[in-house]
Amino acid sequence: RCINRMIEPTGGAISFDGVITSLLRKRDLRKLRTKIGMIFQHYNLVDRLTVIENVLHGRLGYKSTLAGVLGRYSREEKKQAFRIINLLGLDEQVYERCDQLSGGQKQRVGIARALIQNPKLILCDEPIASLDPNAAKIIMDYLKNISSQMGITIV
732 RCINRMIEPT
742 GGAISFDGVI
752 TSLLRKRDLR
762 KLRTKIGMIF
772 QHYNLVDRLT
782 VIENVLHGRL
792 GYKSTLAGVL
802 GRYSREEKKQ
812 AFRIINLLGL
822 DEQVYERCDQ
832 LSGGQKQRVG
842 IARALIQNPK
852 LILCDEPIAS
862 LDPNAAKIIM
872 DYLKNISSQM
882 GITIV
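Residue numbers (our numbering): 732 to 886.
Encoded structure:
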């Protein structure tokens with residue numbers, strides 16, 4: 732949380748991608764955060780929205796406020812979202828509301844939301860703490876494959 736400044740560090744300096752993050756202003760910090768995906772323990776999904784809508788929210792850092800509010804996404808962004816959703820085995824849940832999903836499915840939506848950012852780094856805040864052992868193994872396997880096959884650093 733200090734790396735992406737969700738929590739402000741009280742001392743020292745954090746450098747990411749050649750930039751000391753504590754020196755960034757809000758606009759520059761927003762730009763930096765587009766390079767850092769985040770996967771949360773409690774998913775941080777909008778339960779009343781569908782899987783595809785939650786995944787596309789990962790692109791909000793690239794949008795103007797108005798485009799984000801209106802939910803304007805390009806055809807390519809939508810195609811990318813569907814590809815990632817399929818990669819994570821959620822193709823049958825694309826149009827389901829997230830409050831109808833299991834914990835493991837919700838976490839995969841969170842992973843998809845992070846991946847659609849095209850990040851250089853993915854930060855994980857206890858991504859399997861609230862999952863049963865089988866779902867936890869599936870999530871860890873996905874994270875391992877993402878790191879090794881896509882070359883994304885996962886912390």
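All C-beta atoms, glycine included, are put in the ideal place defined by N, C-alpha and C.
It should be emphasised that the depicted structure is a prediction, and the values quoted were computed from it without experimental measurement.
Nearest-angstrom Cα separation, counted from residue j out to residue i
i, j, result
"Thr781", "Gln831", "9 Å"
"Gly742", "Thr884", "24 Å"
"Asp778", "Gln838", "13 Å"
"Gly799", "Ile745", "29 Å"
"Lys875", "Gly841", "15 Å"
"Asp748", "Leu787", "24 Å"
"Asn785", "Leu776", "6 Å"
"Ser805", "Gly789", "13 Å"
"Gly802", "Tyr826", "16 Å"
"Arg828", "Lys809", "17 Å"
Own chain, CB closer than 7 Å to residue i, minus 5 neighbours either side, in chain order
i, result
"Lys757", "none"
"Leu755", "Leu763"
"Ala835", "Correcting the residue identity first, residue 835 is Gly in this sequence and not Ala. Here the set comprises Leu862, Ala866, Ile869, Ile870."
"Ser753", "Pro740, Ala744, Ile745"
"Thr765", "Gly792, Tyr793, Gln848"
Extent of the continuous beta strand (DSSP E) to which residue i belongs
i, result
"Ile853", "852-855"
Residues of its chain near residue i, where Cβ-Cβ distance is below 8 Å and the 5 sequence neighbours each way are ignored
i, result
"Ile859", "Gln838, Ala866, Ala867, Ile870, Met871"
"Arg761", "Gly792"
"Ser833", "Ala866"
N-terminal and C-terminal residue of the alpha helix (DSSP H) that residue i is part of
i, result
"Arg806", "806-818"
"Ile869", "864-881"
"Leu846", "834-846"
Contact set for residue i: own chain, Cβ-Cβ below 6 Å, skip 5 residues either direction
i, result
"Ser878", "Ile885"
"Ile751", "Ala744"
"Leu846", "Ile815"
"Ala843", "Val786, Ile815, Ile816, Leu819"
Check: residue i C-beta below 6 Å from any heavy atom of the ligand ATP
i, result
"Phe771", "Ligands are entirely absent from the displayed structure, and the ligand ATP is therefore not among its contents."
Proximity test, Cβ basis, 7 Å: residue i and chain C
i, result
"Asp856", "Looking at the structure shown, chain C is missing, and only one protein chain is on hand."
Which whole runs of the beta strand (DSSP E) in the stretch 739-803 are 3 residues long or more, in chain order? 767-770
The stretch 763-779 / the stretch 733-741 touching (three or more Cβ pairs under 8 Å): yes
For the 8 Å Cβ check, are there 3 or more pairs between the stretch 819-827 and the stretch 851-859? no
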